[in-house]
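Only one structure is covered here, and it is reproduced in the block below.
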Amino acid sequence: MTKNLQLSAEEMRQLGYQAVDLIVDHMNHLKSKPVSETIDSNIFTDKLIETIPENGSNPKELLHFLNNNVFNQITHVDHPHFMAFVPGPNNYVSVLADFLASGFNVFPTAWIVGAGAEQIELTTINWLKSMLGFPDSAEGLFVSGGSMANLTALTVARQVKLNNDIENTIVYFSNQTHFSVDRALKVLGFKQHQICRIETDEDLKISVSTLRKQIKEDRLKGKKPFCVIANAGTTNCGAVDSLDELADVCGDEDIWLHVDGAYGAAAILSEKGRELLSGIHRADSLTLDPHKWLFQPYDVGCVLIRNSQYLSETFRMIPEYIKDTETNIEEKVNFGERGIELSRRFRALKVWLSFKAFGVTAFREAIDHGIMLAEQVEEFLRKEKDWEVVTPAQLGIVTFRYIPCELTSTDTIHEINKKLVEEINQRGFAMLSTTKLKEKVVIRLCSINPRTTKEEILQIMMNIKALAEEINTSPKHLISVSQP
């Protein structure tokens, strides 16, 4: 290696081959690995905690080091048996796209420096707009994920509806809404008393009648209803709010409608998803995460805004040192003027390349498969006497709990379900998570990885059933949780 941070052409090729081999081996042998690797804290102490090196090391040896000391100290969220939270199943074509975007050091912020990349982003945004039924006049951009997309959309809403004067305004959403919305509102200056959490119905959807009543009461108190945030697939259980009804409310009340579809909006490609997501096209703004149900590697989120001018009106700033990027040609776009980020990655490339390589039909079939797997889990559970389906399969998520007939203590039932998930995850044959719904600690399974087979998910459920019975017969869990 030289002082100008370069390698020879042959060295670069050999390192590239080595890196590709590591990735391909990982993908091809993923099912043989435990979902969550056993973390060895000694590796952190002995090998990863160090001072900055004064001199360099052999890059080939460093790649081996990473494979043996870093990539084996993670949970494999792309594993077909990872069903906690919202999995991140990626695909190799998109991995290559990220490699190319970094290799060419693409800067898709201004047309003058990234014209080809910006056109790719425009084209891909247009595909997503069409998919979701947004008008041709809508705009959007790719961001890091749902948190940044929600922040971007709500920043636009604040500018357009309030001219940034948030005094006495109220934002409405259900108690099932993702916490990134709370965080975005905090960043934007909203206080807790300006946030109104509307109760949900039995299906954990926002109560539209309660919302209408609350808006009316708030107006009588002199408050200014500003925005309703709807869920297109809650993280907890996959519930979809009644989007058409909420759009009617917002239209009647002149309120901004933002839809958080970070995980669920992509289900619009499937027939079942299309029915559940009816009305999503009426949103003023929408969040969608391709690194969830469009199977992209981290990170890539997307925000869509119905009006073609609102992003630029909110974020455009042109100081003297970037005036050279200005353009008056309509088809030329500066994405750096449409969002919070000026420096930004070429995130659009992986979405574009994977759609081009596989075609939208493959994505549609993959989404249908994830929905079917969750339905299969629900069917399995309903045949078992000691199991309760808490929320039915919706958009690839099903929640349930183990309630053996001999257990009557609510606290004990909560604890045994927590213990069950802990044991599942420790044993490594799958990874699930818990949440709380309807005052119950429940097990949550999200089955959106297209490489999970029917046979595998049934075997996982059989393993979970056997493990639950093993835990239940162990005297350890019978210790009262109420004891100090």
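The numbering of the sequence shown is my numbering, which starts it at 3 and goes up by one. Glycine is no exception: its CB is placed at the ideal position from the N, C-alpha and C atoms. Quantities reported herein were computed from a predicted structural model and do not represent experimental measurements.
Three-state secondary structure assigned by DSSP to residue i
i	result
Leu480	In this prediction, Leu480 scores a pLDDT of 48, lower than 50, which makes its location untrustworthy; the coordinate-derived value is nonetheless stated afterwards. DSSP places Leu480 in helix when its eight states are reduced to three.
Val392	strand
Ile122	helix
Leu9	coil
Phe357	helix
Arg429	helix
Lys163	helix
Arg318	coil
Phe106	coil
Phe87	coil
Val242	strand
Gln485	Summary for Gln485: the model assigns pLDDT 31, below 50, so the residue's position carries little reliability, and this model does not support an answer.
Ser96	helix
Asp203	coil
Arg520	Not covered by the structure: residue 520. The range shown for the chain is 3 to 486.
Lys334	coil
Leu409	coil
Ala112	coil
Asp387	For the sequence presented, residue 387 should be read as Lys rather than Asp. Coil, per DSSP.
Glu328	coil
His28	helix
Lys218	helix
Thr154	helix
Phe192	coil
Glu56	coil
Nearest candidate by alpha-carbon position, reference residue i, set the options
i	options	result
Leu460	His83, Asp23, Ile25 and Gln298	His83
Leu206	Arg318, Asn170, Ser244 and Leu351	Ser244
Asn178	Leu409, Ala249 and Ala241	According to the sequence as given, residue 178 is Gln; it is not Asn. That would be Ala241, whose Cα lies nearest to the Cα of Gln178.
Asp48	Gly116, Phe67, Glu63 and Ser38	Phe67
Ser59	Asn419, Tyr323 and Leu9	Leu9
Trp295	Ile41, Ala364 and Ile282	Ala364
Tyr300	Gly266, Thr202, Ser272 and Lys352	Lys352
Thr401	Asp250, Ile217, Asp167 and Thr436	Thr436
Val302	Val335, His31, Gln121 and Ala151	Ala151
Ala249	Thr237, Thr236, Glu339 and Leu213	Leu213
Lys420	Cys407, Trp354 and Leu434	Leu434
His180	Phe360, Ile45, Asn238 and Lys163	Asn238
Ile445	Lys358, Leu153, Val392 and Thr126	Val392
Gly191	Gly372, Glu204 and Val173	Val173
Glu424	Glu377, Gly224 and Ile466	Ile466
Asn30	His81, Met14 and Tyr404	His81
Cys198	Ser182, Ala186 and Thr171	Thr171
Ala86	Gln16, Gln161, Ile426 and Ile200	Ile426
Gln311	His293, Gln161 and Trp354	Gln161
Lys358	Ile25, Trp129, Leu32 and Glu120	Trp129
Val108	Ala11, Val97 and Glu120	Glu120
Thr475	Ile373, Ile342, Arg15 and Ile418	Ile418
Those residues which DSSP pairs with residue i across a bridge
i	result
Leu288	Val261 and Leu306
Asn233	Asp262
Lys438	Val443
Tyr300	None, per the DSSP bridge assignment.
Leu143	Val305
Lys226	Thr171
Val400	Leu447
Ser38	Thr77
Boundaries (first-last residue) of the beta strand (DSSP E) holding residue i
i	result
Ile450	Run containing Ile450: none; DSSP gives neither H nor E here.
Ser209	Unbroken run through Ser209: none, as it is neither H nor E.
Tyr174	Thr171 to Ser176
Arg199	Ile197 to Ile200
Alpha helix (DSSP H) segment containing residue i, residue limits
i	result
Leu460	Lys456 to Thr475
Arg276	Glu273 to Leu278
Phe67	Pro61 to Asn71
Cys252	Leu245 to Glu255
Arg384	Val362 to Arg384
Val189	Phe181 to Val189
Can at least three beta-carbon pairs, one atom from the segment 101-119 and one from the segment 251-268, be found at a separation below 8 Å?
-> no
Cβ pair count under 8 Å reaching 3, the segment 410-424 against the segment 355-374 = no
Counting pairs of Cβ atoms below 8 Å between the segment 141-149 and the segment 339-351, do you hit three or more?
-> yes
With a cut-off of 8 Å, do at least 3 Cβ pairs link the segment 86-96 to the segment 446-458?
-> yes
Are at least three pairs of beta-carbons, each pair with one atom in the segment 36-44 and one in the segment 68-83, less than 8 Å apart?
-> yes
For the segment 384-404 and the segment 314-324, state whether three or more C-beta atom pairs, one from each stretch, are separated by less than 8 Å.
-> no
Cβ pair count under 8 Å reaching 3, the segment 121-137 against the segment 274-292 = yes
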